[in-house]
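In what follows, a structure is listed as structure tokens, so that the remarks can point back to it.
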Amino acid sequence: MTRQRRQDHVYRPKTNELSKGDIEAQATLVLDNIKAVVEAAGFSLKNVLKAEVFMKDLKDFGKYNAIYVKYFPQDPPARVTVQAAALPRDVLIEISVTCGK
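Each residue of the sequence shown is one higher than the one before, counting from 2 in the working numbering.
Below, the structure written as structure tokens:
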């Protein structure tokens, strides 16, 4: 079995700046970043076994989840979501994924 772990803050890869914006914008950016890194490592989002999600405010879960299901529409990976009020600066969400084949 091959495994790859990737954790991502919501930053803009070209500028290395942390992203600003609402939960939908940040969730989309972090999932796009994870998708790119997972694919560059020879995996696809179908190979994601587990996602660990850290959110500044769990009241945003519904908005975030609406974005998440677009990336994992069928057979989503195991997922744990916790509130992490001490995320840096304006970060609203951080996601860590583990892939395997």
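Note that the Cβ used here is the ideal one computed from N, Cα and C, for glycine as well.
In this text, all values refer to a predicted model and were calculated from it rather than measured experimentally.
Endpoints, alpha helix (DSSP H) assigned at K64: As a working note, residue 64 is residue 63 in the sequence shown. It spans F62 to Y72 - the alpha helix (DSSP H) in which K64 sits, taken as one unbroken run.
As assigned by DSSP and simplified to three states, the class of Q84: The sequence position of residue 84 within the sequence shown is 83, counting from 1. If DSSP states are grouped into helix, strand and coil, Q84 belongs with the strands.
Identity of the residue in A37, E25 and K21 nearest K60 by Cα: Counting from one through the sequence shown, the residue named residue 60 turns up at place 59. The shortest C-alpha separation from K60 is found at E25.
Rounded Cβ spacing between Q27 and D58 (contact assumed at less than 8 Å): Numbered from its first residue, the sequence shown carries residue 27 at position 26. Numbered from its first residue, the sequence shown carries residue 58 at position 57. Incorrect: roughly 12 Å between the Cβ atoms, too far for contact.
Outcome for L50 when other beta-carbon atoms lying within 10 angstroms are tallied against a minimum of 16: As a working note, residue 50 is residue 49 in the sequence shown. Classification of L50: exposed, given that the 10 Å Cβ count is below 16.
Of the residues S97, E53 and K36, the one placed nearest S45, counting alpha carbons only: Here the question's residue 45 lines up with position 44 in the sequence shown. Among S97, E53 and K36, the Cα nearest to that of S45 belongs to K36.
Range covered by the beta strand (DSSP E) that runs through K21: Counted from its first residue, the sequence shown places residue 21 at position 20. Per DSSP, K21 belongs to no beta strand (DSSP E) and is neither H nor E.
Beta-carbon gap between I1 and V39 smaller than 7 Å: Lying before the first or after the last residue shown, residue 1 is absent from the chain, which here runs from 2 to 102.
Which of helix, strand or coil DSSP assigns to R7: As a working mapping, residue 7 is identified with position 6 in the sequence shown. Annotation note: pLDDT 46 at R7 (below 50); position unreliable, coordinate value reported separately. Here R7 sits in strand by DSSP.
T99 versus I68: straight-line alpha-carbon distance, rounded: Indexing the sequence shown from 1 puts residue 99 at position 98. Indexing the sequence shown from 1 puts residue 68 at position 67. Inter-residue distance for T99 and I68 is about 19 Å (C-alpha atoms, whole angstroms).
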